[in-house]
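Here's the structure we're looking at; comments come further down.
Protein chains: 2
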Amino acid sequence: MAVAGVQNRGPIFHKLAGWGPESAKGFDPEKRPFIWPFLKKELGLTEDPKVVPPVPMDEISPPPQKNWGAFRDSLGSSLRSDQVQDDKLARLLHAHGKSFRDLWKARRGRFDAVPDVVVFPESENEVAAIVDAAAKTGTVLIPFGGGTNVAGCLDTPLGEARPVAVVNLTRLNRVFHIDPESRLVRCEAGIYGPALEEALGEVGMTLGHFPDSFLYSTVGGWVATRSSGMLSDGYGNLEDMVVGLHLVTARGVMRARPVPKSAAGINLNHLCCGSEGTLGIITEVTLRIRPAPVKRVYRGTLFPDFSSGIRAIKSVVDSGEVPVMMRLNDPFKTALSFAFKEKPDGVKKLAADIMKAGINRFTNVDTSNCCLMLTGYEGDKADIRRQTRRVNRLLGKAGGVDIGTGVSASFDKSKFDFPHLRDFAMDRGLVGDISETATHWGNVENLYEKCREALFSAGERIGKRMVAGCHVSHSYDTGCSLYFTFGWAEDAERGFEDYLEIKSALQSAFVEHGGTLSHHHAVGTDHLPWLMEDVSPVGVEAMRALKAGLDAERIMNPGKLDPVDDQIAVWRQFPKAS
Amino acid sequence: MAVAGVQNRGPIFHKLAGWGPESAKGFDPEKRPFIWPFLKKELGLTEDPKVVPPVPMDEISPPPQKNWGAFRDSLGSSLRSDQVQDDKLARLLHAHGKSFRDLWKARRGRFDAVPDVVVFPESENEVAAIVDAAAKTGTVLIPFGGGTNVAGCLDTPLGEARPVAVVNLTRLNRVFHIDPESRLVRCEAGIYGPALEEALGEVGMTLGHFPDSFLYSTVGGWVATRSSGMLSDGYGNLEDMVVGLHLVTARGVMRARPVPKSAAGINLNHLCCGSEGTLGIITEVTLRIRPAPVKRVYRGTLFPDFSSGIRAIKSVVDSGEVPVMMRLNDPFKTALSFAFKEKPDGVKKLAADIMKAGINRFTNVDTSNCCLMLTGYEGDKADIRRQTRRVNRLLGKAGGVDIGTGVSASFDKSKFDFPHLRDFAMDRGLVGDISETATHWGNVENLYEKCREALFSAGERIGKRMVAGCHVSHSYDTGCSLYFTFGWAEDAERGFEDYLEIKSALQSAFVEHGGTLSHHHAVGTDHLPWLMEDVSPVGVEAMRALKAGLDAERIMNPGKLDPVDDQIAVWRQFPKAS
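These protein sequence lines map, in sequence, to chains A and C. Positions in the first sequence are counted from 1; adding 1444 to them yields our numbering. Positions in the second sequence are counted from 1; adding 1444 to them yields our numbering.
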């Protein structure tokens, strides 16, 4: 079935130093009155810190623009003039993604490295023309989807002598073909999550990929970073969904044939997954889709501690039938997510209080220090009832107390809102960041403890009261992810030094204790110092080899996946002390 | 749990021109009295062809041995003398795998290209020493597991000027660690299927990977060729099971960290899957395992035609709960597999006859022209009953007639025996070969028809009465495999020309009509002419790039995954007319 011409709403430009476009509502402390007092209490703040908004754009002086005239000339008439932008705003907006470091710099107006021009191709042919012109003129290209990456994948390289063009791909947003019978969609890589789901929904299908960035991220970005979604326990990670794709390289277009399985040498789809824009530009993707479920509900279960929650997840995984989502919070993350709720009306509050009292009285769970797990179920009423009964039995066995579907509506409504809280906290001088990893079941609790130790001893070193929580959001036969959220009240004098101390302690703990540098956020610049240890030096050589073969001129997102000898020193330099 | 020291039974040497070791029983026409009359009838042979056994070894003159002294010297004391063999038998046995072409040549004593020496390392360090010595002395290395590959992956390259050493890896056969909790096994790559399953079975676990070659193939070979097993609908393909591995390259050892999921750049496990020995030598693999099922049964269903069988599989896939095996034969393949059965005793024959009469009388199925589907179920009695009921309902809806578990014992007993029939047929001057592909659901029937047309028109061109059957053995959300078996009575005058005509017609049909050159047999030399069209020229460049980076000297299985401009001409030359 052809659904030609379905498009998204064109490029969405984020706030320069925040999450989402200006039109996005952001975090509203009136609507969610508990979270800010909770954070203040946990951080030991007795009064409200001063609100310091990001510096306005007109106070920002980007570095001088390099001459990109040769690139423009070489492009010739391939692009219209509205597809080529080099005004200050466009350049600043495409200088990086949305990592803590990115926003910390942007808030202060520190743009050390900024692209010289941004191009907006509208077809694969135009992308090919751009790559061709860049190769001819020695222009660096940085493929850019929704711009939401939180690992520094989109950083304009510092000290790059050549002109840098960011290729904003969000006008490549057509859905070419939906084939419900073969469960395939073929679309352009720049389409945003909601636009793709809308097109699929029209024929009763879904991709089922819902990363936290879903509203603002694109298919191509998901591929390039090995993205995972909230429902990946049910639908698989993005790399499990890619059936075929096109990658425009300096050597021509690579076309990975969309077949369900092949033994035609090395899997080219997997070669592009996680390539972070270093090999070429993904222009078209064929993805496995599924019928959209009649219904989806989320259900809450409380566990007395993180261990029993982990054992519960493991028992469900072992049972062979896994719900589409199992998301377990540790005690701090549980308290944080309870505090994130909206102001309840009187009746709801009363009901919640009665339930809480009952739990504390009649179960092993202490609601002031427990672990909330959310499970997601899909299907018709009977499917959901059957799954729920089966899973609840297993969760109960592991010590879980079912608290019903009361959490469902609130999770569903707020599931993409969390990043806005970071902006609110940063306005108030708080550091809030995340780092996530994965390991095998036998090592999960050990790694969790080692990471907490690393975080809190680093906190002691910087003399700060840390808050840190963790959740498990993706489970596998052989192990699961661990997703840490941590923060503290920044010391304005010390600035970024403290952040580097904490972040490096956690990332080092990952790779030292059997985890990986990232489960689904990619490497970028933020995690690059740990790549060599994670994948071995020869593993890095393999990635370099691919680049050398497909991008001999090193124009494609140079520096990414390519650590220098003392990468940690580079990492620590950036941003330079002001 | 450590199960140190579990080993297999050392290298298994195959018959020089046949399947399995001399000790393997081979095909016994007394025990299976129906198949040979069936084939004769189908091929229109009125009398038994003359039996021509393979030429005996002492009549074979391999090409002159190149001087590999520098390699031996460079190895120094790294290997004991019994780990280095260059006698005629060792060299001939390691000259290639078990494709039709390989056996056709071997039967006639035509060994155009033979390695100069075979080495048998017993540890990763010894492999590293071998790679190092080879790199230093310009010696070609061909990694060799069980030697069962049927696509020419193990061919000694014709016209190679450098000395060639085959690295037989089957003494690298230790199981280092089984972790039932994390569902992981870490083992050396040269371990054979049965030895690994035996070790896993001791702790109640299984890998669940059972390719037709299971008895004689190794973990490393499975990885290098993107192998699939009979139960891959339930357990996934081999590439889905690889959690980590070691690859010894000329640049050092690549170590892909065994985590359940990572976003640390490009997935190195997938980079090694399907690499066909061109990048390095896989020495160690960490695989996902599962608890061994209490019980496994197979069940038969008859369909009036192939279409309704395909629809039936699709409906089971769509239901979301797929049995561990669904294997659907087309009418010819059904007749072939019925003819392959053992001589039944009187009671069994009577029961079968009664069932057959009932089916013909009361259902839409005509047992003389129908499609047999085998489904495999695992679990305890209740699991199997539940699954069977659910799947049978779907199969019945699509027109299937359940014939119960009578087929179970016979399939279980004979499931690894089919390749022996090829030897029996080749003794009698028959050509029998296989080619397999995969495509998306919307194209399955079209591709099936196109392939049959291609086969039968090629048969007409060579003036031969062809037999050709097909089965579906692997299903996915988005499509399935198609596995063709075909043959004819050879014309001794025309020899290999006819084979090339038929095989190329079928392979071309695959890639012209939306299939891939191979679903799970790999590329090797047999499918190399279609690689460029299958994965696109830039896809081939990507594989070449990896090789250039990790194997700059081109010592690792050179020529594989690396087609020349007119690869089909090379393909047609080989073996040279005598």
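Cβ coordinates follow ideal geometry from the N, Cα and C atoms, glycine included.
- prompt: At a Cβ cut of 9 angstroms, what residues of the segment 1646-1668 of chain C count as close to chain A, listed as they run along the chain?
  reply: Going along the segment 1646-1668 of chain C in chain order, one finds no residue with a Cβ nearer than 9 angstroms to chain A.
- request: Assign A:D1978 to one of three DSSP states: helix, strand, or coil.
  value: Under the three-state reduction of DSSP, A:D1978 is assigned to helix.
query: A:I2012 and A:S1948: beta carbons closer than 9 angstroms?
result: yes
task: Any chance you could list the alpha helix (DSSP H) runs of at least 4 consecutive residues sitting entirely within the segment 1483-1554 of chain C, in chain order?
output: 1513-1519, 1532-1537 and 1544-1551
Span separating the alpha-carbon of A:M1817 from that of A:G1744: Distance between the alpha carbons of A:M1817 and A:G1744 is about 6 angstroms.
task: Determine which residues of the segment 1702-1727 of chain C have a Cβ less than 9 angstroms from any Cβ of chain A, and write them out in chain order.
output: P1702, V1703, P1704, K1705, S1706, A1707, A1708, G1709, I1710, N1711, L1712, N1713, H1714, L1715, C1716, C1717, G1718, S1719, E1720, T1722, L1723 and G1724
- request: Give me the Cα-Cα distance between C:Y1943 and C:E1893, rounded to the nearest whole angstrom.
  value: In this structure, the CA atom of C:Y1943 is about 21 angstroms from the CA atom of C:E1893.
- request: Closer than 8 angstroms by C-beta to A:P1493: which residues in its own chain qualify, once you throw out the five before and the five after it? Chain order, please.
  value: R1872, G1873, L1874 and A1933, listed in sequence order.
- prompt: Roughly how many angstroms separate the alpha carbons of C:E1977 and A:R1618, rounded to a whole number?
  reply: 26 angstroms
query: How is the beta strand (DSSP E) around A:W1932 delimited, first residue to last?
result: Unbroken beta strand (DSSP E) run through A:W1932: G1923 to A1933.
- prompt: Taking 9 angstroms as the CB-CB limit, is C:V1766 close to chain A?
  reply: no
message: Using C-beta distances below 6 angstroms, list every residue in its chain close to C:A1539, excluding the 5 sequence neighbours before and after it, in chain order.
response: Excluding residues up to 5 positions away in sequence, F1555, V1558 and T1600 lie with their Cβ nearer than 6 angstroms to the Cβ of C:A1539 in the same chain.
query: With distances taken from CA atoms, which of C:L1975, C:W1974 and C:L2005 is nearest C:A1989?
result: C:L2005
query: Is C:T1883 closer than 9 angstroms to A:V1703 when the C-beta atoms are compared?
result: yes
- prompt: Looking at the C-beta of C:H1971, does it have a partner C-beta in chain A at a distance below 9 angstroms?
  reply: Yes, C:H1971 counts as interfacial toward chain A.
message: I want to see whether chain C comes within less than 9 angstroms of A:N1773, judged by CB atoms only; does it?
response: no
- request: Using a Cβ-Cβ cut-off of less than 9 angstroms, give me the residues of the segment 1980-2014 of chain A that come near chain C, in sequence order.
  value: Per Cβ criterion, the list reads S1980, P1981, V1982, G1983, V1984, E1985, A1986, M1987, R1988, A1989, L1990, K1991, A1992, G1993, L1994, K2004 and L2005.
field: A:V1571 beta carbon less than 9 angstroms from that of A:V1528
entry: The criterion of a C-beta distance shorter than 9 angstroms is not satisfied by A:V1528 and A:V1571.
query: Under the rule that 16 or more other beta-carbon atoms within 10 Å means buried, what is C:R1524, buried or exposed?
result: exposed
- request: Please classify A:G1464: does DSSP put it in a helix, a strand, or coil?
  value: coil
message: Once DSSP output is grouped into helix, strand and coil, what is the label at A:T1960?
response: coil
message: Output needed for C:Q1451: all residues of its chain with C-beta closer than 6 angstroms, excluding positions within five of it in sequence on either side, in chain order.
response: For C:Q1451, the predicted structure reports a pLDDT of 44, less than 50, and the residue's modelled location is therefore unreliable. A value from the coordinates is still provided. Excluding sequence neighbours, C:Q1451 sits near N1617.
task: Kindly indicate which three-state DSSP category A:V1611 falls into: helix, strand or coil?
output: strand
task: Rounded to whole angstroms, what's the CA-CA distance from A:G1449 to A:R1734? Just pull it up for me.
output: Note on A:G1449: pLDDT 43, under 50, position unreliable in the model; the coordinate value appears next. If you take the alpha carbons of A:G1449 and A:R1734, they lie about 21 angstroms apart.
query: Which stretch, first to last residue, makes up the alpha helix (DSSP H) that contains C:Y1660?
result: C:Y1660 -> no alpha helix (DSSP H), and no H or E assigned at all.
- prompt: Quick one: what's got a C-beta closer than 7 angstroms to C:A1534's C-beta in the same chain, skipping five residues either side?
  reply: V1562
- request: Measure the alpha-carbon distance for A:A2021 versus A:I1504 and round it to whole angstroms.
  value: Its pLDDT being 47, under 50, A:A2021 is placed unreliably by the model, and the measurement read from it follows with that caveat. Near 17 angstroms, if we compare the C-alpha coordinates of A:I1504 and A:A2021.
- prompt: If we count Cβ pairs, one from each stretch, closer than 8 angstroms, do we get three or more for the segment 1910-1930 of chain A versus the segment 1841-1853 of chain A?
  reply: no
task: Give, in chain order, every unbroken run of the alpha helix (DSSP H) that is at least 4 residues long and sits entirely within the segment 1639-1702 of chain A.
output: 1663-1669, 1676-1679 and 1682-1685
- prompt: Can you check whether the CB of A:S1719 is closer than 9 angstroms to the CB of C:I1710?
  reply: A contact, by the Cβ cut-off of 9 angstroms.
field: For A:F1620, the first and last residue of its enclosing beta strand (DSSP E)
entry: Per DSSP, A:F1620 belongs to the beta strand (DSSP E) from V1619 to D1623.
- request: Output, in sequence order along the chain, the residues in the segment 1577-1601 of chain A whose CB is closer than 7 angstroms to any CB in chain C.
  value: none
Residue-level contact to chain A via CB, C:M1698, 9 angstroms cutoff: Chain A, which has a Cβ nearer than 9 angstroms to the Cβ of C:M1698, makes this yes.
task: Select from the segment 1896-1921 of chain C all residues with a C-beta closer than 9 angstroms to any C-beta belonging to chain A, and list them in chain order.
output: H1918, S1919, Y1920 and D1921
- prompt: Can you name the residues of chain A whose CB is closer than 7 angstroms to the CB of C:W1885?
  reply: Against C:W1885, the close residues of chain A are E1625 and S1626, in the order they occur along the chain (beta-carbon pairs closer than 7 angstroms).
- request: Given a cut-off of 9 angstroms, decide if C:H1964 and C:T1662 are closer than it, judged by their beta-carbon atoms.
  value: no
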